[in-house]
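A.B. asks: Dumping the structure here so I can ask a few things about it.
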Ligand SMILES: Cc1cc2nc3c(=O)[nH]c(=O)nc-3n(C[C@H](O)[C@H](O)[C@H](O)COP(=O)(O)OP(=O)(O)OC[C@H]3O[C@@H](n4cnc5c(N)ncnc54)[C@H](O)[C@@H]3O)c2cc1C
């Protein structure tokens with residue numbers, strides 16, 4: 001006899017792979033679209049089931065955008081009260097809709113808001129949830145979702161199942177899965193669901209953008225093909241200026257280790273790793289970064305890694321395609337000079 | 001203000017981590033445990049509220065008896081008393097089953113709580129689930145990533161920071177409520193040795209005999225998720241070509257590589 005607090009379910013009643021589509025104002029966050037791509041892949045492995053998205057208080061345009069990125073169906077939760085985000089109310093509304101449609105799998109982007117919602121939704125549905133998965137597979141025998149996540153400081157990879165409950169829930173950080181291409185010829189169904197929520201117990205009073213000075217007028221790390229990142233080994237904020245110059249010459253952007261962020265040389269939005277961004281660039285250049293496991297976790301999907309470090313035994317050197325042994329202060333300026341020369345030639 | 005702080009006796013270092021080969025869960029018996037670093041922020045936050053508004057701060061943890069020293073040092077920090085929910089039947093719990101025990105312990109032993117404060121996440125499992133799940137069990141509202149709060153009657157006005165959007169938000173939350181404290185936002189006060197010495201007197205240990213929870217709904221059996229496998233993390237193979245020499249030669253090689261890999 002399973003736990004009596006788990007309402008009995010019939011697993012066969014649960015079909016489809018669903019994704020929470022998080023909004024940022026009037027646009028969809030990329031992570032929801034990335035998850036739609038993964039959802040399509042899982043849906044195919046489950047025998048071609050439906051892929052759907054849930055959107056709270058968003059317009060049809062956004063729903064269509066999700067369809068262009070792989071959704072067969074989008075449910076818009078229509079309640080003017082929910083235009084404004086508050087955690088418990090959002091989580092309850094989302095759980096209500098998921099309950100009604102009974103997907104087999106429900107995925108959530110592990111943004112800060114997503115992390116705030118995910119576990120509450122799971123509890124409301126009396127199901128399990130696995131945080132920050134880096135891979136998702138299907139066990140063809142049981143149709144179980146294999147929820148794979150790094151744990152214990154990134155030293156171990158755990159495979160987690162939810163054998164008895166449905167939906168199976170997982171959260172995934174932004175940037176872990178690639179964003180599927182946009183196909184405006186795709187069509188799908190848009191359903192509007194009126195969902196009432198209980199009396200509000202959380203009220204938003206105000207929002208303020210923190211004025212955070214970025215180091216450079218450069219694209220975000222998660223959307224660049226080339227990322228030049230700096231760590232504590234740069235020694236000074238001046239070091240970052242060199243990296244910015246190099247990044248610009250390579251049409252890329254700059255990133256940072258936690259230590260460089262702590263030193264105040266770059267804002268947290270540029271931090272790469274377990275508690276920062278997961279990135280998948282074509283080229284990652286790590287300058288003055290030791291390559292602690294928490295940092296490596298953010299760059300495993302990089303196609304090529306070049307590390308510049310005087311210490312040949314730094315972990316980053318063991319995990320690089322090209323381990324350049326040396327002082328960045330000597331190498332980077334020369335490299336910049338050479339790249340400029342090449343540019344002028346062409 | 002009656003404040004319950006959820007704290008986890010966590011494995012402090014990845015080198016101290018041992019996995020039970022049968023269940024794939026963390027071995028916590030016989031491993032030195034210390035309070036999860038981010039929970040110290042939560043404790044500090046609660047103590048500051050008590051300093052301002054008076055009341056009582058109660059630390060709550062679910063752990064084997066090896067979690068007692070962690071609670072002793074929280075008493076040393078100034079926590080009034082602590083409750084340790086400890087029973088073999090709780091072992092192997094996932095976050096659902098853990099939050100279940102925490103919530104039921106609160107309902108039974110601190111029924112008149114005003115606020116539950118959790119750390120943002122733990123360093124050894126980093127799920128950030130427990131705060132939200134405890135709120136769900138208790139049926140109360142919740143807000144994450146809080147770094148400041150003010151009490152206005154039965155309402156808590158909280159300021160929180162969303163790191164990925166770079167914004168601060170202010171919310172009013174009806175109490176009782178659950179909040180999680182933004183990690184790194186507090187400077188935890190020191191542990192007073194004189195207080196820590198007698199700490200054991202202030203720790204109440206409760207087992208499932210007192211809580212009376214259905215054995216099917218706690219521990220490994222009461223966990224909807226199941227660890228099906230554990231493998232050391234490996235990373236995709238890299239070329240590992242070492243480049244050394246005088247800087248001008250190194251740069252020449254780098255440019256060649258950038259060209260051959262199609263970056264230039
Ligand atoms: C729970 C948790 C989460 C974490 N999350 C993250 C995360 O998301 N991202 C992250 O980055 N870290 C994270 N960390 C921190 C991580 O463990 C490391 O402390 C951090 O990555 C180290 O930063 P670093 O490599 O810049 O500094 P260091 O480890 O100090 O390395 C500096 C390197 O610079 C080299 N160096 C020195 N001089 C020069 C020079 N002239 N030229 C070139 N190289 C030079 C040195 O040889 C050294 O290898 C986390 C830690 C914990 C506990």
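Protein chains in written order, with the UniProt record's numbering: chain A, 1 to 346; chain B, 1 to 264. Note that beta-carbon positions come from the ideal geometry of N, C-alpha and C, so glycine has one too. Since we're looking at a predicted model, the values are computed, not measured.
Would you list the residues sitting across from residue 191 of chain A in a DSSP beta bridge?
C.D. replies: Answer by DSSP bridge pairing, in chain order: A/75.
A.B. asks: Using 8 Å as the threshold, is the stretch 74-83 of chain A in touch with the stretch 129-141 of chain A, meaning 3 or more CB pairs across them?
C.D. replies: Result no; under three Cβ-Cβ pairs closer than 8 Å.
A.B. asks: I'd like to know whether the C-beta of residue 226 of chain B is nearer than 7 Å to at least one C-beta of chain A.
C.D. replies: Taking Cβ atoms only, chain A reaches closer than 7 Å to residue 226 of chain B, which makes this a yes.
A.B. asks: For residue 133 of chain B, return the contacting residues in chain A, with the cut-off set at a CB-CB distance below 8 Å.
C.D. replies: What residue 133 of chain B touches in chain A: 119, 120, 122, 123.
A.B. asks: Going by C-alpha to C-alpha distance, which of A/146, A/121, A/154 sits closest to residue 126 of chain B?
C.D. replies: The option with the nearest alpha carbon to residue 126 of chain B is A/154.
A.B. asks: Comparing C-alpha positions only, which one of A/319, A/256, A/122 sits nearest to residue 240 of chain B?
C.D. replies: For residue 240 of chain B, the nearest C-alpha among the options comes from A/319.
A.B. asks: What three-state label does DSSP hand residue 288 of chain A in the structure shown?
C.D. replies: It is coil, neither helix nor strand.
A.B. asks: Is the stretch 112-132 of chain B touching the stretch 176-188 of chain B in the sense that three or more CB pairs, one from each, lie closer than 8 Å?
C.D. replies: Touching, yes.
A.B. asks: Just to make sure I have the definition right: I need the residues of chain A whose C-beta is within less than 9 Å of the C-beta of residue 240 of chain B. Which are they?
C.D. replies: Those are 317, 318, 319, 320, 321, 322, 323, listed as they occur along chain A.
A.B. asks: Mind listing the chain A neighbours of residue 127 of chain B? Cutoff is C-beta to C-beta under 7 Å, in chain order.
C.D. replies: What residue 127 of chain B touches in chain A: 131.
A.B. asks: Return the residue from the list A/343, A/46, A/217, A/288 that minimises the CA-CA distance to residue 269 of chain A.
C.D. replies: For the residues A/343, A/46, A/217, A/288, the minimum Cα distance to residue 269 of chain A belongs to A/217.
A.B. asks: If I measure Cβ to Cβ from residue 347 of chain A and keep anything under 6 Å in the same chain, skipping five residues before and after, which residues do I get?
C.D. replies: Residue 347 of chain A falls outside the range modelled here, since chain A spans only 1 to 346, and no answer is possible.
A.B. asks: Please list, in chain order, the chain A residues whose beta carbon lies closer than 9 Å to that of residue 168 of chain B.
C.D. replies: Ordered by position in chain A, the residues that pass the 9 Å Cβ test against residue 168 of chain B are 206, 207, 208, 209, 210.
A.B. asks: For a contact meaning CB atoms closer than 9 Å, what does residue 282 of chain A contact in chain E?
C.D. replies: Among the protein chains in the structure shown, which are A and B, there is no chain E.
A.B. asks: Using a cut-off of 7 Å between C-beta atoms, extract the partners of residue 326 of chain A located in chain B.
C.D. replies: Neighbours of residue 326 of chain A on chain B, chain order: 247, 250.
A.B. asks: So with CB distances below 9 Å, who are the chain B contacts of residue 268 of chain A?
C.D. replies: By Cβ distance, chain B contributes 163, 164, 166.
A.B. asks: Assuming contact is defined by CB atoms lying nearer than 7 Å, are residue 70 of chain A and residue 49 of chain A in contact in what I supplied?
C.D. replies: Their beta carbons are not under 7 Å apart, which means residue 70 of chain A does not touch residue 49 of chain A by this criterion.
A.B. asks: Starting from residue 214 of chain A, follow its DSSP beta bridges and name the residues at the other end.
C.D. replies: None; residue 214 of chain A has no bridge partner.
A.B. asks: Since residue 87 of chain B sits in a beta bridge, which residues does DSSP pair it with?
C.D. replies: In DSSP, residue 87 of chain B forms no bridge with anything.
A.B. asks: Going by DSSP, which residues form a beta bridge with residue 35 of chain B?
C.D. replies: DSSP output for residue 35 of chain B lists B/9 as bridge partner(s).
A.B. asks: Could you tell me which whole alpha helix (DSSP H) segments of length 4 or greater appear in the stretch 103-176 of chain A?
C.D. replies: Complete alpha helix (DSSP H) runs here, min 4: 112-124.
A.B. asks: Using three-state DSSP, classify residue 208 of chain B as helix, strand or coil.
C.D. replies: The answer is helix: DSSP assigns residue 208 of chain B an H, G or I state.
A.B. asks: On the DSSP letters alone, give me the boundaries of the alpha helix (DSSP H) that residue 336 of chain A sits inside.
C.D. replies: 328-345 is the extent of the alpha helix (DSSP H) around residue 336 of chain A.
A.B. asks: List the residues of chain B whose Cβ lies closer than 7 Å to the Cβ of residue 305 of chain A, in chain order.
C.D. replies: Residues of chain B passing the Cβ test: 238.
A.B. asks: So if I threshold CB-CB distances at 7 Å, which residues from the stretch 226-259 of chain A count as touching chain B?
C.D. replies: So the close ones are 226, 250.
A.B. asks: So the beta strand (DSSP E) residue 155 of chain B belongs to, where does it begin and stop?
C.D. replies: Residue 155 of chain B -> beta strand (DSSP E) spans 155-162.
A.B. asks: Need the endpoints of the alpha helix (DSSP H) that residue 317 of chain A sits in, please.
C.D. replies: Start and end: 315-318.
A.B. asks: How would you write the range of the alpha helix (DSSP H) that residue 41 of chain A sits in, first residue to last?
C.D. replies: Run containing residue 41 of chain A: 30-45, per the alpha helix (DSSP H) assignment.
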